[in-house]
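Colleague: Shown below is the structure under consideration.
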Amino acid sequence: MQALLTQLEYELKRFDATQGSIETLFIGGGTPSTVAPHLYAPIFNLISPYLKKDAEITSEANPNSATYEWLEGMKQLGVNRISFGVQSFSKAKLKLLNRAHTPEMAKEALLNAAKIGYKNLSLDLIYATLGDTKELLQKDIESAFSLPINHLSAYALTIEEGTAFQSHPEMASEQLEMTQWIFSQIKQQNFSQYEISNFGTYHSKHNLGYWQYKDYIGAGAGAVGKLATKRYYPTPSIEAYIKNPLSIKEEILSHEDIRLEKIFLGFRSCVGVQEDILTEEEKKRASLLVQEKKLHFKDTTFFNPEYLLADEIALYLTS
């Protein structure tokens, strides 16, 4: 925590943070719910003056470690949104994913959070795992919407090289159909999709900040931050970070880097792509896609109605 405080003090100065200038705070990466609330107090004491009065303050949490006392303690610090790493309500699937919690723990954690007074609650679901069926996923979705959530993230299982899942390439073959189906099921619950993996009656300000290409402080080992034309990378090693939290690598972003990132991010979300960042040739191609109803155009912005085609559209425009 001392290393985090050291870096945060440095970053607040570097970003010229002023009273009420920080719109969101997100505590995530690793498992924040394994850390007692009182240990976060110095960080909140440091950051609180810089937070907007209506700042969105989110903490990730795992159902097995997010006890009633932990949730209560975090709310007292100022946290007003919890994102639970549920992943599934199937015992067999949770075992496959090597998760420590049970479906009952997940339900209890969500209900406890609502009882304590959290108004903004989110959970994530994982799909495209070995053995997934529409019936199993339908049960996951029904279980999720039986709980007091206003936000849901749905992620396809990412197969990392060298993991036990890598030897099953057949899992990817039906992923597109599975993705389209699960997205449609979530939307039927009146949750609108505002970016490629996120849905809700409430749209996370923090998530949208990334898609809107806003600047953000990234504090902690392995974090990422962005300020204007630079991206920052604190050391990924926890041991090295504790020794020197100000050992930060930086990447200079060119005008073209920024332009392309805005195009790719914009089409993957409800943010869209501003007409004025496109070249004349790209505008012609975008207008053609509008005629084909693959893009929408409103005021000065192109919007993509089908996020799963985002990269294909961006590559078509910029190639």
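Our numbering puts the first residue of the sequence shown at 155, with every later residue one more than the last. For each residue, glycine too, the CB sits at the ideal point set by N, CA and C. Being a predicted model, the structure only gives us computed values, none of them experimental.
1) Taking only three categories from DSSP, how would you classify residue 305?
2) Look at residue 522 and residue 162 and say whether their C-beta atoms are less than 8 Å apart.
3) Could you please give the first and the last residue of the uninterrupted beta strand (DSSP E) stretch that includes residue 476?
4) Only counting the same chain, and skipping five residues up and downstream in sequence, which positions put a Cβ closer than 6 Å to that of residue 408?
5) Is the beta carbon of residue 243 closer than 8 Å to that of residue 286?
6) Using three-state DSSP, classify residue 371 as helix, strand or coil.
7) Measuring straight from C-alpha to C-alpha, what distance separates residue 388 and residue 373?
8) Report the three-state DSSP secondary structure of residue 402 (helix, strand or coil).
9) Per DSSP, what kind of secondary structure is residue 321 in: helix, strand or coil?
10) Among 260, 247, 246, 205, which residue has its Cα nearest to the Cα of residue 233?
11) Which partner residues of residue 380 appear in the DSSP bridge assignment?
12) Using 8 Å as the threshold, is the C-beta distance between residue 379 and residue 370 below it?
13) What is the residue span of the alpha helix (DSSP H) that residue 441 lies within?
14) Distance, Cα to Cα, residue 455 vs residue 246?
15) Taking only three categories from DSSP, how would you classify residue 338?
16) DSSP three-state call for residue 179: helix, strand or coil?
17) Let me check one thing: in DSSP terms, what residues is residue 278 bridge-paired to?
18) In whole angstroms, what separates the C-alpha of residue 434 from that of residue 449?
19) Tell me which residue opens and which closes the beta strand (DSSP E) that residue 205 is part of.
20) Identify, in the order they occur along the chain, each residue of the same chain with its Cβ nearer than 6 Å to the Cβ of residue 419, setting aside the five sequence neighbours on each side.
21) Could you compute how far the alpha carbon of residue 383 sits from the alpha carbon of residue 411?
22) Any idea what DSSP makes of residue 156, helix, strand or coil?
23) Restricting to Cα atoms, I'd like to know which of 214, 223, 274, 349 is closest to residue 461.
24) Please list, in chain order, all residues of the same chain as residue 317 whose beta carbon is under 8 Å from its beta carbon, the five residues on each side excluded.
25) How big is the Cα-Cα spacing for residue 216 and residue 437?
26) Would the segment 415-432 and the segment 391-400 be scored as touching if the rule is three or more Cβ pairs under 8 Å?
27) Measuring only the C-alpha atoms, how far is residue 347 from residue 236?
Modeller: Put simply:
1) strand
2) Past the boundaries of the shown model lies residue 522; the chain is included only from 155 to 473, so the question cannot be answered.
3) This structure does not reach residue 476, given that the chain is present from 155 up to 473, and the question cannot be answered.
4) Cβ neighbours of residue 408 beyond the five flanking positions: none.
5) no
6) coil
7) When only Cα atoms are considered, residue 388 and residue 373 end up about 7 Å apart.
8) strand
9) For residue 321, the predicted model reports a pLDDT of 43, less than 50, meaning its position is unreliable; a value from the coordinates is still stated below. Residue 321 falls in the helix class under three-state DSSP.
10) 205
11) Note: residue 380 is bridge-paired with 370, 385 in the DSSP secondary-structure output.
12) yes
13) Unbroken alpha helix (DSSP H) run through residue 441: 434-445.
14) 45 Å
15) helix
16) The answer is strand: DSSP assigns residue 179 an E or B state.
17) 307
18) 17 Å
19) 205-215
20) 365
21) 9 Å
22) helix
23) 349
24) With a pLDDT of only 45 at residue 317, under the threshold of 50, the placement of this residue in the model should not be trusted; the figure read from the coordinates follows. Contacts found: none.
25) Going by the C-alpha atoms only, they are around 45 Å apart.
26) The answer is no - the segment 391-400 does not touch the segment 415-432, with fewer than three Cβ pairs under 8 Å.
27) 19 Å
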